[in-house]
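Have a look at the structure below before the remarks.
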Amino acid sequence: MNILDIKNPKILKKMNVEQLTILSNDIRNFIIDSVSQTGGHLSSNLGIVDLTICLHKVFDLEKDRLFFDVSHQCYTHKILTGRAKDFKKLRSFNGLSGFTNINESIYDAYNSGHSGTSISTALGCAIARDNSNKKYEVIALIGDASITNGLSFEAINHLGSLNTKVIIILNDNEMSISKNVGALHNTLDKIRVNSNYNNIKYKTKSILNNIPLVGSYLYKINHYLKKSIKNLYNRNGILFEELGLKYYGPINGHDYNEILMYLDMAKKEKHSVLLHVITEKGKGYEYALNDKVGTWHGVGKFDKETGKIVKSNNDLISWSEVISNILIKLTKRNKNIFVITPAMAGGSKLLKYANMFPNNFIDVGICEEHAMTLSSGLALGGKIPIVLIYSTFLQRAYDEIIHDIARMNLHVIIGVDRCGIVGEDGESHQGIYDLSFLSAIPNIIIACPKNSVEASHMLYTAIYHNKHPFIIRYSKNSIKYIEENHDKVIDIGSWEYVNQGCDGTIISYGDFLENAISINEMLNKKDINLNIINARFIKPIDMLMIEELIKTNKPIFIYEEVVTRGSLGEELISVINNYNYKGKIYLYNIPDNYITHGKKKEIIKYLKLDVYSVYEDILVKYKGE
0 MNILDIKNPK ILKKMNVEQL TILSNDIRNF IIDSVSQTGG HLSSNLGIVD LTICLHKVFD
60 LEKDRLFFDV SHQCYTHKIL TGRAKDFKKL RSFNGLSGFT NINESIYDAY NSGHSGTSIS
120 TALGCAIARD NSNKKYEVIA LIGDASITNG LSFEAINHLG SLNTKVIIIL NDNEMSISKN
180 VGALHNTLDK IRVNSNYNNI KYKTKSILNN IPLVGSYLYK INHYLKKSIK NLYNRNGILF
240 EELGLKYYGP INGHDYNEIL MYLDMAKKEK HSVLLHVITE KGKGYEYALN DKVGTWHGVG
300 KFDKETGKIV KSNNDLISWS EVISNILIKL TKRNKNIFVI TPAMAGGSKL LKYANMFPNN
360 FIDVGICEEH AMTLSSGLAL GGKIPIVLIY STFLQRAYDE IIHDIARMNL HVIIGVDRCG
420 IVGEDGESHQ GIYDLSFLSA IPNIIIACPK NSVEASHMLY TAIYHNKHPF IIRYSKNSIK
480 YIEENHDKVI DIGSWEYVNQ GCDGTIISYG DFLENAISIN EMLNKKDINL NIINARFIKP
540 IDMLMIEELI KTNKPIFIYE EVVTRGSLGE ELISVINNYN YKGKIYLYNI PDNYITHGKK
600 KEIIKYLKLD VYSVYEDILV KYKGE
């Protein structure tokens with residue numbers, strides 16, 4: 000079948016298992032071809048092809064509602080709903096989103112991007128359905144890592160107390176971005192190895208119901224023996240049933256007959272059920288299938304024949320790896336350092352650290368709130384916890400930072416990974432809000448290094464010459480790593496001149512500081528020479544330097560990769576308004592909108608925050624002076 004010819008999932012209704020199997024192979028090949036050219040989430044999508052096809056065959060997802068958790072595994076769903084032609088621009092600017100998006104298709108029930116949301120959202124939809132006396136199925140698809148999230152348990156607990164129906168499909172591939180952790184994961188391990196219970200139960204039901212005259216009666220008697228059978232064959236599955244869900248599984252997620260049988264059973268149920276489906280992450284592509292560290296979870300362009308990932312510059316490494324390298328050096332000297340991650344050991348480049356210091360490394364799973372409060376306990380116990388977390392996931396732990404860390408002024412260090420524009424993952428992952436919500440919290444220090452050397456000094460300062468909550472922000476970009484003696488203290492709140500001019504000032508920090516230097520070099524050709532200030536501490540600010548700038552009455556340009564509200568620029572306007580400053584202040588940052596997906600350079604240009612756009616605007620303002 001030509002995948003591009005698929006307009007909607009109705010074609011599946013008349014297809015037999017043999018035809019579905021051929022289709023699944025075609026879809027896997029299509030996904031491999033597409034992602035090799037665009038980059039994207041590969042392994043998770045290859046693992047769920049068969050299950051997604053079955054969901055569309057059994058249910059009418061134009062009417063029934065399917066909620067993907069995270070939704071980076073939705074590629075097959077998008078193909079079956081007529082979007083294969085758009086995969087050439089997958090995750091590209093003005094192209095197809097890598098996640099579900101209600102603005103793309105009537106088949107997308109929800110804009111997802113973060114873990115643990117599907118069951119809560121599905122339950123809300125089910126309650127709305129029942130209240131409106133409507134008839135449609137509500138399905139929540141969730142992975143074995145996401146179901147350990149606290150939000151998932153809150154939703155299951157609520158669902159179990161209600162007389163409503165939600166079908167939960169647990170996609171268990173035993174392989175998240177990082178290795179799954181926790182007691183529930185261990186329970187799932189035990190369940191996986193024993194599928195006898197449900198096989199026996201289904202076969203028994205079928206046999207008894209087919210006995211003339213007495214079959215149904217015998218089945219009712221058999222029903223009362225269910226708990227005994229369950230205890231004998233699959234005691235661990237009781238966990239979900241004790242929470243109020245009927246449990247079926249484990250189910251072979253690549254056996255069409257088995258998947259279809261259980262989906263049909265779930266559809267006929269009157270109350271909430273959980274289908275425990277076992278899948279192989281990366282199925283159909285050897286390199287992804289054998290991946291044990293998450294390399295093929297989210298991947299850039301690659302050669303599909305060799306499995307070689309395309310790298311743009313071998314001299315550069317990610318900011319995540321820079322921070323990890325520094326922490327390795329620091330932990331060698333101080334075993335009181337503990338590094339904590341919420342299931343992002345691979346993404347935050349901590350696998351080497353974890354291997355070197357297994358007793359100093361803690362992966363809490365997809366539990367961002369727990370990561371923060373755990374760190375407060377470690378600090379109270381005399382340790383130095385360093386939580387490394389993506390900016391977009393830090394949002395989930397806001398209360399814990401305020402209540403459990405900052406309020407007690409604890410010595411906790413938070414590395415905010417992937418701050419700023421992240422690019423292809425789009426609006427759910429853009430790290431542009433952390434500064435806004437963190438800057439309002441008392442007691443905390445917020446810093447953003449310009450390069451690896453400054454990052455070394457900041458981490459040394461945060462660990463040895465500070466007792467307050469200390470936040471270090473860094474982007475998704477790749478930079479040059481320079482080995483550095485770490486024993487240098489940076490005065491907290493201090494800024495530095497990168498260039499001294501006489502015509503005004505650009506204040507910037509982090510990756511944008513290099514852009515600011517380039518802008519000034521272009522302005523030099525127009526006989527304009529600006530101060531360039533590295534505002535490496537966003538909180539507290541360098542008041543001595545601010546007072547120096549105010550005296551000049553020259554224009555101040557503040558250039559940042561964050562939203563305007565709560566930015567350094569807004570803070571400086573508020574501060575400078577208390578002085579007799581006769582100059583003008585101009586802000587260059589991100590507007591009050593959600594930012595779409597695409598290459599980072601494209602988005603920066605679209606926002607008119609690229610070097611040339613800012614240069615032109617500053618030039619216009621000087622001409623207007």
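Going by numbering that gives the first Met the number 0, the sequence shown opens with residue 0, and the numbers climb by one from there.
Virtual Cβ for every residue (Gly too), placed ideally from N, Cα, C.
Here residue 544 is buried, its C-beta having at least 16 other C-beta atoms within 10 Å. CA-CA distance, residue 359 to residue 416, rounds to 20 Å.
Between residue 393 and residue 319, the CB-CB gap reaches or exceeds 9 Å.
Per DSSP, reduced to three states, the secondary structure at residue 369 is helical. Partner residues in a beta bridge of residue 162, as assigned by DSSP, do not exist.
Taking 9 Å as the cut-off, the Cβ atoms of residue 43 and residue 112 do not count as close. Cβ-Cβ distances below 6 Å link residue 391 to 428 and 430 in the same chain, with the five nearest sequence neighbours on each side left out; the list follows chain order. Under the three-state reduction of DSSP, residue 286 is assigned to helix.
Distance from the CA atom of residue 496 to the CA atom of residue 438, rounded to whole angstroms, is 23 Å.
Counting the other CB atoms within 10 Å of its CB gives residue 501 a total below 16, which places it among the exposed residues. Take residue 397, set aside five residues on each side of it, and the residues of its chain with a beta-carbon closer than 8 Å to its own are 436, in chain order.
Taking 9 Å as the cut-off, the beta carbon of residue 564 is found no closer than this to the beta carbon of residue 526. 9 Å or more divides the Cβ of residue 23 from the Cβ of residue 2.
Boundaries around residue 64 are those of the beta strand (DSSP E), 64–67, since no alpha helix (DSSP H) includes it.
Residue 275 is bridged by DSSP to 169. Going by beta carbons, residue 608 and residue 560 fall inside the 9 Å limit. Secondary structure of residue 140 (DSSP, three-state): strand.
By the CB criterion at 9 Å, residue 115 and residue 60 fall outside the cutoff.
Taking a C-beta distance under 9 Å as the contact criterion, residue 498 and residue 610 do not qualify as a contact pair. Boundaries for residue 266: no beta strand (DSSP E) harbours it, while the alpha helix (DSSP H) harbouring it runs 255–267, taken from the DSSP string. With a contact defined as Cβ atoms closer than 8 Å, residue 580 and residue 557 miss out at about 14 Å. Remark: three or more beta-carbon pairs, one from each stretch, lie closer than 8 Å, so the stretch 459–473 and the stretch 441–451 are flagged as touching. The C-alpha of residue 601 is placed about 18 Å away from the C-alpha of residue 615. Taking one beta carbon from each stretch, the stretch 304–317 and the stretch 334–346 have fewer than 3 pairs nearer than 8 Å; the two do not touch. When the Cα atoms are used, residue 54 and residue 410 turn out to be separated by approximately 49 Å. The residue among 285, 395, 404 and 505 with its C-alpha nearest the C-alpha of residue 467 is 404. Under the three-state reduction of DSSP output, residue 384 falls in the strand class. Pairing residue 371 with residue 400 gives a Cβ-Cβ distance under 9 Å. The three-state reading of DSSP puts residue 541 in coil, since its state is none of H, G, I, E or B. Taking C-beta atoms as the reference points, residue 483 and residue 455 count as a pair closer than 9 Å. Taken in chain order, the whole alpha helix (DSSP H) runs of length 4 or more contained in the stretch 445–506 are 451–463. Counting the other CB atoms within 10 Å of its CB gives residue 0 a total below 16, which places it among the exposed residues. Annotation: residue 142 to residue 27 spans about 20 Å, alpha carbon to alpha carbon. By a beta-carbon distance limit of 8 Å, residue 169 contacts residue 274. Their separation comes to about 7 Å. In the structure shown, residue 157 falls within a helical segment according to DSSP collapsed to helix, strand and coil. Residue pairing from DSSP places residue 360 in a beta bridge opposite 338.
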